[in-house]
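Let me begin by presenting the structure, written as structure tokens, before commenting on it.
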Amino acid sequence: MTTVFFGSINMPSRQSTLNVKIYVYHILSWIVPAIIIVTALSKGVLGADNSVGSGPWCWISANLSVKEQTIWMAVSGKGWEILMYFSCFGFYILLKFRQMWERSRQRKMQEQFGSTTPLIPRTRCNQHPPEHKLSFIFLWIVEIVLRISGTVRFIMTALRRHACISPPFYEHVDVILMHFQSFGDCAQAFCSFLIFCVFRRLFRYINNRNGNTNLSHEAS
3 MTTVFFGSIN
13 MPSRQSTLNV
23 KIYVYHILSW
33 IVPAIIIVTA
43 LSKGVLGADN
53 SVGSGPWCWI
63 SANLSVKEQT
73 IWMAVSGKGW
83 EILMYFSCFG
93 FYILLKFRQM
103 WERSRQRKMQ
113 EQFGSTTPLI
123 PRTRCNQHPP
133 EHKLSFIFLW
143 IVEIVLRISG
153 TVRFIMTALR
163 RHACISPPFY
173 EHVDVILMHF
183 QSFGDCAQAF
193 CSFLIFCVFR
203 RLFRYINNRN
213 GNTNLSHEAS
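Counting from 3, one number per residue, gives the positions in the sequence shown under the working numbering.
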């Protein structure tokens, strides 16, 4: 949800539209998880699984059927992660197309009026600081790196349970992926803190350097 919202606010829009996006983000971020939790409690989904220790899906009761366990694995986490992979990729493509459209528009206006100075203020073309776009890209990459092991493990488990597809190395790979998943599911907040707080100045420096390089190319 955070990555999707971060991509949407980077799309150029008026302040009133941006405020609406912020309200919608907060409403969805609280209401959707609340609905999932209340539904899970009412159906008796929450409980201990068959893990010896604290497994990655330790909150899903082992008393459920295999089909119900798979469904709630998707509803409570992995389904949203798969949706996040594609939605963030879509937002990134939209950002790049928007950037290309703005540059093409700027060039056409310069050719029409015979001017080499930007006719559209840069603050208007890029309403959000450029480090936001770079932070969004890094956030998306970090999300994939941290979560992909759990997603692969979920897909392997679903195929084994419902399609009877079980490669001979399944158990060994599943144990390895479980360790990566246990770390990745807990490290998202820490990595987000590094991106938006600790290395924020580094992102700003990289973007300023790239921005100056682009300006020099346009001037030449």
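We put the beta carbon where it would ideally sit given N, CA and C, even for glycine.
How about Met1 and Phe182: are their beta carbons less than 8 Å apart? What is shown of the chain runs 3 to 222, which leaves residue 1 out entirely.
Put Leu85 into one of helix, strand or coil per three-state DSSP. As a working note, residue 85 is residue 83 in the sequence shown. Looking at Leu85 - three-state DSSP - the assignment turns out to be helix.
Cβ of Arg105 within 8 Å of any chain B Cβ: The question asks about chain B, but that chain is absent: this structure has only one protein chain.
Could you please give the first and the last residue of the uninterrupted alpha helix (DSSP H) stretch that includes Leu179? Against the sequence shown, residue 179 aligns to sequence position 177. Looking at the DSSP string, the run of the alpha helix (DSSP H) that includes Leu179 is 172 to 195.
Determine the closest residue to Ile38 out of Tyr25, Ile62, Ile24, with distance taken between C-alpha atoms. Your numbering for residue 38 matches position 36 in the sequence shown. Of Tyr25, Ile62, Ile24, the residue nearest in Cα terms is Ile62.
Starting from Ile167, trace the alpha helix (DSSP H) both ways and give me its first and last residue. Here residue 167 is taken as the residue at index 165 of the sequence shown, counted from 1. Where Ile167 is concerned, there is no enclosing alpha helix (DSSP H), given that its DSSP letter is neither H nor E.
Using the C-alpha atoms, what's the distance from Lys69 back to Leu96? Translated into the one-based positions of the sequence shown, residue 96 becomes position 94. Translated into the one-based positions of the sequence shown, residue 69 becomes position 67. If you draw a straight line from the Cα of Leu96 to the Cα of Lys69, it is about 37 Å long.
Which class does Leu225 belong to by DSSP, given the choice of helix, strand or coil? A question about residue 225 goes unanswered here, because the residues of the chain that appear run from 3 up to 222.
Mark Gln114 as exposed unless 16 or more other C-beta atoms lie within 10 angstroms of its C-beta, in which case mark it buried. The residue given as residue 114 occupies position 112 in the sequence shown. Exposed.
Span of the alpha helix (DSSP H), counted from its first residue to its last, around Val68: To locate residue 68, count along the sequence shown from 1; it is residue 66. From DSSP, the alpha helix (DSSP H) with Val68 extends over 68 to 75.
For Phe198, collect the residues of the same chain with a Cβ closer than 6 Å to its Cβ; drop the 5 residues on either side in sequence, then sort them by chain order. Translated into the one-based positions of the sequence shown, residue 198 becomes position 196. Around Phe198: no qualifying Cβ.
Tell me whether the beta-carbon of Lys98 lies closer than 8 Å to the beta-carbon of Gly152. The residue given as residue 98 occupies position 96 in the sequence shown. The residue given as residue 152 occupies position 150 in the sequence shown. Not a contact, by the Cβ cut-off of 8 Å.
Counting pairs of Cβ atoms below 8 Å between the stretch 158 to 173 and the stretch 102 to 114, do you hit three or more? no
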